[in-house]
Structures are given as C-alpha cells and as structure tokens.
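Residue numbers (the working numbering), protein chains in the order written: chain Z, 180 to 631; chain R, 180 to 631.
Backbone N, C-alpha and C fix where the C-beta goes; we use that ideal spot for every residue, glycine too.
Computed from a prediction, not measured in an experiment: that's the story for all the values here.
The structure appears right after this line, and notes come after that.
Protein chains: 2
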Amino acid sequence: MNYPADPGLDDEVQQSEAWFRSTLRTLVELPTVSPGATDDREILPGLLAAKEILESIGAKAELVGTRGTPTMVAQLRHPEARAHVVVYNHLDVQPADGATWKSGHPFRFDVEDHPERTFLYRGRGATDDKGPALCAVRGAKLAIDRGAKIDVTFVWESEEEIGSPHFTDVLTARKDALMADAVIVSDTIWPTADQPAISTGLRGALHATMSLRTAGKEAHSGLVGGVARNPIKELAALATAIDNASFWHAGAAAPDEDEIASFLASGFDPDYFMHAHDLHHVTTRDPLEMMLRIWARPTFELHGLAGGYAGRGTKTIVPDAAELKCSFRLVPDQDPMAIGDSLVAFVRTANPQVEVKLAGSFRPYRANTHGVVHRAIHDALQAVTGRCPVTVREGGSIGAVPMIARELGIPVHFLPLSLPDHGYHAPNEYFDWRQAKIGIGSFARVFKTLAG
Amino acid sequence: MNYPADPGLDDEVQQSEAWFRSTLRTLVELPTVSPGATDDREILPGLLAAKEILESIGAKAELVGTRGTPTMVAQLRHPEARAHVVVYNHLDVQPADGATWKSGHPFRFDVEDHPERTFLYRGRGATDDKGPALCAVRGAKLAIDRGAKIDVTFVWESEEEIGSPHFTDVLTARKDALMADAVIVSDTIWPTADQPAISTGLRGALHATMSLRTAGKEAHSGLVGGVARNPIKELAALATAIDNASFWHAGAAAPDEDEIASFLASGFDPDYFMHAHDLHHVTTRDPLEMMLRIWARPTFELHGLAGGYAGRGTKTIVPDAAELKCSFRLVPDQDPMAIGDSLVAFVRTANPQVEVKLAGSFRPYRANTHGVVHRAIHDALQAVTGRCPVTVREGGSIGAVPMIARELGIPVHFLPLSLPDHGYHAPNEYFDWRQAKIGIGSFARVFKTLAG
C-alpha cells in the first residue's frame, strides 16, 4: 500500500519551519548534558521546557522520577483512539568542548542556509536527538488536527547517552500508560544522505575496565626495569590477546541473503562514510565488508588508558598501575552476560592479577520487518521522499530499546531521520530542515495509517 | 694492597656530621628540579650555593654555560699534585609531588634518628645526588688537609636527570681543566644495605614515542567501530610485537663467569629489592635471574599512553590518535643508534602509519675493573666498611659517563654510596649518615692513594 499524495499535509509540513526552528532553539540552548558529567540538576530546565512544548500541543505531560534523572512522559489522547503508539526519544546530549566547535559555543543555536537542505540547525543535540524528537511531536499534531484517531505517548529519557541505567524505573512506574501497539524510535541514521533507510537492528554493548596494580609506587625504569612488571605493557598484551580471541564472536548470527541484498541496495558509500566521520584510515574499503563490520559483527574497542606518564616529554618509570577502558559492540543474537563471563574467564587465565570490572551492557536488538508498523514506516518514507527505503542496521546501541521489548513485550520500530554528516557526538553537530520535513511528514503519515 | 687503619682520619670523618648536615640542608632546600619541568632560572640559586660551598674549601669555582643550564666546575689544585681526579656529580633532581611525601614538603630538609644509620637526611635530592656529591667534597678536603698531593676537579651538572643533553658543551669548553687521570662517579647504588659494591657497568637507553593518527576527530564507536582503525588498539598490538621481537637484544654481551660469580657474591636479596621499590609483583624471584634482568639485559618499557579518554567513567569512542611513550634500556655492547634504526624498520613493516620519534639515547658503559683506580676504590671501601666490596652492575643510565669516556678518553670509575631503600626518584627520598661516613672516608682514602 502506498500513500496517496496529500498536498494539504505537505503544505502544513512546509509551514512548520518557524515552529520547528524556535522550539529546537529552546531545547538546544538549554544544555542537557548526560548525568555524571555535570550536576544532575542542570538537566531540569531542559526537561521542563520539553514538558511545556508537549503541553502546548495538548498532551498531559509529567516528569517521571527515577533513581537517576527524570524522564518526561507526555500523553496525547484521542477520545476515539483506534491505536496507541509510543514514541521514544532522549533529551540528554553528549558533553561538548567549545574549543572544538567552529562557533566556540556548542549550546548556542545557529542557523545556516544550505543549498539542498534549506537550513542547517547547528548545536549540541540538534540531531541527537532533539530535532528528531520534535519531528514526531509536530507529526502527531498535524495528523490529529487532520482527523487521525490515535493516542500518542512521548517518552523523552534523560539518561540515554549513559546507557539508560534507570529506564526500567519508568517502564515500571508508567506501565499502563505505555502499553501501546507499537513503539517508534527515530534515534538512528540513514547510511547516506539521499537514500531513506529503516534500521532493523541495533548492536548491543558490553563495557569493561581492566586494571592492574603491580607496585605501591612508580619506580625508576633503570633500577627495576626487567624485574618490575610493567602494567601498561601487560594490559597492551592482554588487549591484543583479547582482540585475537574468538570468545566475543560467540553467538553472532550472520545476516541472511535478503538482508545482504538489502545492504547492497542501500547505496552505502565508503567515501561519504569516511568523510562524514573524518576517518583517514579504515580497516577495509569494500562497501559490503564495511557494512557487515559496522552493523552485523561484534567489535572490541579500546577507549583510553589511565596510568603512567602521558604529559610533555617523557618520564622513565615503570608505572605502578594502569587501567584500560574498553567495550565490545555485540550483534544479534549475542548475549552480553555470557560474553562478560567469557571475558572474565579469559582474563583470569591470561593474566590472573588483572581485575576486570564489567561496567554495564545492552542487549543487541532485531526489529520485525514484516508487520503493519514496519510497512507504515516504509510507505511513509517512500511517499515523502519519493524513494523506496532500504533496510539496514545500526551500529550503535540504544539501551532503552531492548528494555522496552523485554519489559513491555511491545515491538520497537525505527524511523531514522539523522544523517552521518550531521555528526552524532561530534563537534559542530547539526540537523537540517530537509530531514525535519521528511520526519514531520513521515510521522504524520504513520500516525494516520495506524489510526485508520 | 689494603689500607692501614687511620684513626686520625676516622675521627675527622666522624666530626664532619655538622658540616655535612648543614651543607646538605642548604642544597636540598634550594630546589634544583631538572630543566624542562620548571623555569630554567630556578636552578640558579642551587648552582650558586654549590659554587660557594666549593669555594669555601679553597676551590676555584665557576658556572660553565651550556646551550641548556650551567654546570658548576670547581678546581681544587695542589702545587705539587701527583695526580688529577675529576669527580662527577649532578645537582638537578627529579620533580617531587608534595602530596606523595609524608611531610608534604619534598624540599624541606628533615633529619630523623635511626638505630643503624644514626641519622636519615630526608628531602628531594638527598641521595640523588647531593649527599654523595658532598661526600667527595669533604673527602677531598680531609685528604688534602692530611697531606695528599692531588688535584681534584668537581663537575656538578644540572641536566643529568634529563639525559645530559648539553654536557658535551662543558667537555668542549673546559677540556684542559678536565684532562685527568681518572673520573669517579658516585651516583650509583649498592644492591643491598650492608654489602659495599662497586658498579662496573651502566645500562644505556633509547627513548622513543610512537604515534598514530587514524582520523581527524574521535568517532562514536557504535557508528564506526569495526571499520575505523583504533589507534590505541594498534599501538597496543605494536608494543606487544616489539616486546616479543628480538631486534632490541642484538649486541647484548652476556656477563662472563667471573662477573656471574661476583653477582652471586653480592648478597642481592629479592625481598629487600621488592620492599625497597615497593614492588608487589615481579617477573622472577630467582636472585641471579633478577640481577641479570636489571643489570645485564636490555628491557623495553612502556611509560604512558596519551590519547583517547582516561577520565572518570567511560566514553564509547574510537579515538582519532594516540601516542605511546616508551624506552629501551640497553647493555654493553649494544649500540643505541643501531637499535633505533632497527626499531624504525620494525615499525615501518609492522604498521607503516605509525610515526616513530627517537627521543634521545645513552650508550651503555662498562668500567675497567683491573686498574689502579678500581683497586683504590675497592680497598678504600673495604677499609671503611670492614667488608670486601663486590662488583655489580647498575641498571640505570648516566648520560655523562659514556660522553666523558668517549670525548675525553678518560676511564670512569664508580664509588657507589646510595642504597635502594634511599628511594631514587621516589617520594620520601633520603640519604643517611652511615653512608655519608663511608663516602667521606672512602673518597679521602682514594685521593690519598692516587696521590701517593
């Protein structure tokens, strides 16, 4: 089923730019950096502004307390609703260092003209995830104004960037309000700028630190070098052994032929990918192999090493201790708990003095690609963009998604709106009006379909 | 030849404590942290105080300028001198962090009573190398006062801790004044607290950084992990490969049977060694194997890694760049230049994008153990301590030593006075009066012998 053209709706989407720009400005300019990096209370003004935005379209909004920072839950109810959709987004953003931003001000909202995208909306959180969140709000408003009989519940979490450690509190506290026919998440990306795509899976993750103390204090490398154990050297060897080990590949399901065909049809462009992420060197330039590696295979990454001397010049010491921060990305059907157990066992054998701390995990997720909701999203994107969307996967993780699927038993679907060039987590992050129009129009159509 | 007892000298040594304590206090309380860590000019008050101390015993002292900070050269001349000895020490000290010192004040001189050592003199630089330097000064004064016809030239460098980068300037500028029969260096240590020892070799060193940039900015490990190259992971693998490689063992001469026998006679005590350096875990506990590893075999050490995220919590990024600080300790007859070339070639093959920077090197050094100077030191230590000194090696490096041997062609000998428990480079560093007495008495006897 394809949508008929709907010029009235398209006009109203087009006329939404002033509202969209002003509302996005409000949300971007109230910094909502993830808890942990700042005082938790600093996130409240942004949450309260979000609540007001949802109230302004007629929703009953509240901040639901958790053991961490609150989640805004806003219920837009129709007396004759024929369906209920939960839209999940998040209000928290990655920390931003002004020194790496062209403007010097990550939390000042700047609008730039752009030949293909009309406007670029620049500021931390513009694409991850405030812009997409507002697309769903505007889409719901337009759909309901045009007669769609649907209940929409907006769930805007404030701890997504740190792995949603308290999100189950929200699921428990508002279970009744959240029991919907479907959950839609827009916090994923198209693989290229001009090919609409629907994500059908998320990687999971397992975070760990590995630390080793070999002495009570650092020592002179001349006096002790050769006899003192060097914790940085041993952690480097351990990381190399883990990288070469097979335990963390266990349970990874290879994509089937249909999915491979879909990847190949996605228009994934190695040059665009490298440019978007500013990668100078990559592990492969074969497009399919690249897609498989970022979407469908586990990885082991080292994020940083603490300990020893990393300042100017050098210091000829054998360090007393070091800590390696690392994580695995995991794919369906890997079990983070089982991989964690294997990691602990591997390290215990390889270097018994190393202490492994597992620091949180997310399950991988695979979406249903055959139901009515997937079809509605597919047709909406096609109607709005004029192009047939491809199905791809997502290399990142959204902690809340497997929690929702597991706790509420509701299928989660994706309506991706961001682009690689938008710069998720990167300096100079932006969203753009072309993608916002696609988002508003698509959400409105999806709501209309599901209500109909 | 053993010395006859010399009770007059011993009395004068015993009466030197007030002078020694007061002079060491002056030098310790004028912080002379190595250049680079602080403003170069901060080292001048300490150098001027040293000059005054040498002038007070009748030497003609001057600060010899270099491209870096000056070296104090003080000539104590005898009209009928029969020999000329240069004594090399250094005035610069390692940086010290007050937070890690029991007193909180590394540059406040504290004296503690001690049952076997009478007094401990605590403060940064007390044992490395200000206390031993003053032993030679006092020893020369006593020897000359008691009739020794000898010229002694004191050379106190101020850049030893950073590898003596400008010391050849001093050798060039004062070549005539430095052309001596022998050079004696006391900046080495006994392997245990009660066994006098003479160092017969120094390890050399080769410093390097290895850096890798794979992207223009850090990236989200979900979006790019698997395709983006992770510079920390690659440097860890490279370091592990280097550690397992053989190139940096090339040219290492194994100690002969006599030297092994001497090591075995040294009383090296694994427990004392571990306690002195606060090592919880070591690579071996076999005493001979430990000695071989710290004195007679090369090592490869990692000192620190810059890049990525090492703060609180974690940050799921693939870093854009990383730099590993490392060094090799080298032994006779290894050539640091050749090892450096091999390192560059190894890295070029293993990971061509890694940039290696060689950051200075010292040649290893082997002392002559059969000449008159060695014998004089041996007999002096035996006369003063009542124990036959053993010959051992030194795991550390003293940049100036191979320079002196090479540039001036004068043999360098060691008269070690420090102990492992003194804490070279460590918090709460100290020297002690028992070792000072041994030093003063031994230097006096050596000067007397060489003059005789």
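Simplified DSSP state of Ala359 of chain Z, which is helix, strand or coil: Judged by DSSP in its simplified three-state form, Ala359 of chain Z adopts coil rather than helix or strand.
Proximity of Gly380 of chain Z and Val510 of chain Z at Cβ, strictly below 9 angstroms: The answer is yes: Cβ separation under 9 angstroms.
Same chain, Cβ closer than 7 angstroms to Asn181 of chain Z, five either side skipped, listed in chain order: Bear in mind that a pLDDT of 49 at Asn181 of chain Z, under 50, signals an unreliable position, so the number given afterwards is only what the model happens to contain. Once the five neighbours on either side are set aside, the close Cβ partners of Asn181 of chain Z are Asp558, Gln561 and Ala562.
Minimum length 3: unbroken beta strand (DSSP E) runs contained in the stretch 296-332 of chain Z: List check, beta strand (DSSP E) in window: 297-301.
Interface partners of Asn409 of chain Z on chain R, CB under 8 angstroms: In chain order, Glu480 and Leu481 make up the part of chain R whose C-beta sits under 8 angstroms from the C-beta of Asn409 of chain Z.
Beta-carbon proximity of Ala623 of chain R to Ala253 of chain R, cut-off 9 angstroms: In this structure, Ala623 of chain R keeps its C-beta atom at 9 angstroms or more from the C-beta atom of Ala253 of chain R.
9 angstroms Cβ cutoff, Val580 of chain R in contact with chain Z: The beta carbon of Val580 of chain R sits no closer than 9 angstroms to any beta carbon of chain Z.
Interface residues of chain Z facing Pro606 of chain R [CB-CB closer than 9 angstroms]: Here the neighbours are Lys396.
Residues near Arg204 of chain R in its chain [Cβ-Cβ closer than 6 angstroms; skip 5 each side]: Within the same chain, and ignoring the five residues on either side of Arg204 of chain R in sequence, the residues whose Cβ sits closer than 6 angstroms to its Cβ are Phe288.
Residue closest to Pro498 of chain R, alpha-carbon to alpha-carbon, out of Z:Asp324, Z:Ser506, Z:Gly247 and Z:Gly483: The candidate whose alpha carbon is nearest that of Pro498 of chain R is Z:Gly483.
Supposed contact pair His456 of chain Z and Gln532 of chain R - C-beta distance, whole angstroms, cut 8 angstroms: Gln532 of chain R to His456 of chain Z, Cβ: 17 angstroms. No contact.
Inside the stretch 257-287 of chain Z only - beta strand (DSSP E) runs reaching at least 3 residues: Taken in chain order, the complete beta strand (DSSP E) segments of 3 residues or longer contained in the stretch 257-287 of chain Z are 263-269.
Residues near Leu242 of chain R in its chain [Cβ-Cβ closer than 6 angstroms; skip 5 each side]: Cβ within range, chain order: Leu226, Pro249 and Met251.
Below-9 angstroms beta-carbon distance, Arg527 of chain Z vs any chain R residue: So no, Arg527 of chain Z is outside the interface.
Whole-angstrom distance between Ile329 of chain R and Ala315 of chain R, CA atom to CA atom: Going from the Cα of Ala315 of chain R to the Cα of Ile329 of chain R covers about 13 angstroms.
Whole-angstrom distance between Thr245 of chain Z and Pro590 of chain Z, CA atom to CA atom: Approximately 24 angstroms, taken between the alpha carbons.
Under 9 angstroms between C-beta atoms of Leu357 of chain R and Val265 of chain R: Yes; because the gap between Cβ atoms is below 9 angstroms, this pair is in contact.
Beta-carbon gap between Pro595 of chain R and Ile377 of chain R smaller than 9 angstroms: The answer is yes: Cβ separation under 9 angstroms.
Proximity to Ala260 of chain R [Cα-Cα], best of R:Ile496, R:Ala319 and R:Arg527: Residue R:Ala319 is the option with its Cα nearest to Ala260 of chain R.
Where Gly187 of chain Z falls: helix, strand or coil (DSSP): When secondary structure is reduced to three states using DSSP, Gly187 of chain Z falls in the helix class.
Cβ-Cβ distance between Asp219 of chain R and Gly247 of chain R below 9 angstroms: Cβ distance < 9 angstroms, so Asp219 of chain R and Gly247 of chain R count as in contact.
Min CB distance His456 of chain R to chain Z below 9 angstroms: Yes - at least one Cβ of chain Z is within 9 angstroms of the one on His456 of chain R.
Three-state secondary structure (DSSP) of Pro410 of chain Z: In the structure shown, the three-state DSSP call for Pro410 of chain Z is helix.
Where Asp611 of chain Z sits in the DSSP three-state scheme: Note: Asp611 of chain Z maps to strand in three-state DSSP.
Residues that DSSP places opposite Ser179 of chain Z in a beta bridge: Look at the range of chain Z in this structure, 180 to 631, and you will see that residue 179 of chain Z is not part of it.
Interface partners of Gln194 of chain Z on chain R, CB under 8 angstroms: Those within 8 angstroms of Gln194 of chain Z in chain R number zero; the least Cβ separation is about 33 angstroms.
Amino acids of chain Z, ordered along the chain, whose beta-carbon sits closer than 7 angstroms to that of Ile496 of chain R: Neighbours of Ile496 of chain R on chain Z, chain order: His482.
Residue-chain proximity (Asp611 of chain Z, chain R), Cβ-Cβ < 9 angstroms: It does not; no Cβ of chain R falls within 9 angstroms.
Extent of the continuous beta strand (DSSP E) to which His293 of chain Z belongs: Residues Asp289 to His293.
Residue from Z:Tyr488, Z:Gly404, Z:Gln513 and Z:Pro285 whose Cα sits closest to the Cα of Thr478 of chain Z: Looking at the Cα atoms, Z:Gln513 is the closest of the given residues.
Residues, ordered as in the chain, of the stretch 241-262 of chain Z that lie near chain R by beta-carbon distance below 9 angstroms: Correct list: empty, as no residue qualifies.
Beta-carbon proximity list for Ser597 of chain Z, same chain, < 6 angstroms, skipping 5 on both sides: Setting aside the 5 residues that flank it on each side, Ser597 of chain Z is surrounded in the same chain by Thr306 and Ile368, each with a C-beta closer than 6 angstroms to its C-beta; the list follows chain order.
Distance, Gln374 of chain R Cα to Glu295 of chain R Cα: Rounded to the nearest angstrom, the gap between the Cα atoms of Glu295 of chain R and Gln374 of chain R is 14 angstroms.
CB contact check: Ile402 of chain Z to chain R, cutoff 9 angstroms: The sequence given here has Leu at residue 402 of chain Z, not Ile. Interface residue, yes.
Start-end ranges of the beta strand (DSSP E) lying completely within the stretch 471-510 of chain Z, minimum 3 residues: Within the stretch 471-510 of chain Z, the complete beta strand (DSSP E) runs of at least 3 residues are 478-485 and 500-509.
Met358 of chain Z: contacting residues in chain R (beta-carbon distance under 9 angstroms): Those within 9 angstroms of Met358 of chain Z in chain R number zero; the least Cβ separation is about 29 angstroms.
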